[in-house]
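A quick write-up on the structure given underneath.
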Amino acid sequence: MAAPAPQQGQGQKVMVAVDESECSRHALEWALRNLAPTLAPPLLLLTVQPLAPLGYVSAASFGAPLGTVPPVAPELIKSMQEQQRELTQALLDKAKAICAEHGVNVETVVEVGDPKEMICEAAEKKNVDLLVLGSHSRGPIQRLFLGSVSNYCVHHCKCPVLVVKNQGCRDHPESCSTSVKLYEVKVEKERDTVGRESRCIHMYPF
Numbered sequence: 237m238a239a240p241a242p243q244q245g246q247g248q249k250v251m252v253a254v255d256e257s258e259c260s261r262h263a264l265e266w267a268l269r270n271l272a273p274t275l276a277p278p279l280l281l282l283t284v285q286p287l288a289p290l291g292y293v294s295a296a297s298f299g300a301p302l303g304t305v306p307p308v309a310p311e312l313i314k315s316m317q318e319q320q321r322e323l324t325q326a327l328l329d330k331a332k333a334i335c336a337e338h339g340v341n342v343e344t345v346v347e348v349g350d351p352k353e354m355i356c357e358a359a360e361k362k363n364v365d366l367l368v369l370g371s372h373s374r375g376p377i378q379r380l381f382l383g384s385v386s387n388y389c390v391h392h393c394k395c396p397v398l399v400v401k402n403q404g405c406r407d408h409p410e411s412c413s414t415s416v417k418l419y420e421v422k423v424e425k426e427r428d429t430v431g432r433e434s435r436c437i438h439m440y441p442f
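Count along the sequence shown starting at 1, add 236, and that's the number in my numbering.
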């Protein structure tokens, strides 16, 4: 199901979720190549930081009574948080550089928590017209235990979700071909719990 067409004279407010993966980079570059003419600037770049751990189990603590495992030292937590901030900033700098090459202005959004949930919350909070995600390569066992961020967003986001598939991805859901504007897409045959058409669009580059 294609994203709703913007009103005449208006562009679409688009958010691209980015991480360190090649699939994410591919999705961003695809969006810049194909959606730039319809964007309502700025393009929103979203990344999600994982929660800092509140405790850990050291090798020496295995078998220790419950409650005797020492918490993470505040200095270590602070160091881990700072490292995460640096990694996040480096990731966003790379993404902004890619956007600059296409002449697209951006706004960055950083959330902390579970990626699946925070992406959906950010999309709703920013009132976006379209959320763009990369599709990570995972085998069936990985999908079973780890789940899929893109699949979660397809079924829980309140806006249309466009999942850009890298050519190296192994996920090939049953699909049917259709066309949207200037490019061919494959629309995944999924339905959410209330029977509406899936809003997940898998893009295949020319």
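A virtual CB, placed ideally from N, CA and C, is assigned to each residue, including glycine.
In the three-state reduction of the DSSP assignment, Ala-331 falls in the helix class. Taking Leu-280 as reference, the option from Arg-321, Ala-253, Glu-360, Pro-396 with the minimal CA-CA separation is Ala-253.
Excluding five sequence positions before and after Ala-267, the CB atoms of its chain that fall closer than 6 Å to its own CB belong to Val-252, Val-368, given in chain order. Taking C-beta atoms under 8 Å as the contact rule, Leu-282 and Ile-334 fail to qualify, at a distance of about 15 Å. The DSSP-derived three-state label of Ala-326 is helix. Judged by beta-carbon spacing, Cys-395 lies within the 8 Å limit of Val-364, meaning their Cβ atoms are closer than that value.
The bridge partners DSSP lists for Ser-371 are Lys-401. Within the same chain, Cβ atoms closer than 6 Å to the Cβ of Leu-275 are found at Gly-247, Val-250, the five residues on either side in sequence being excluded.
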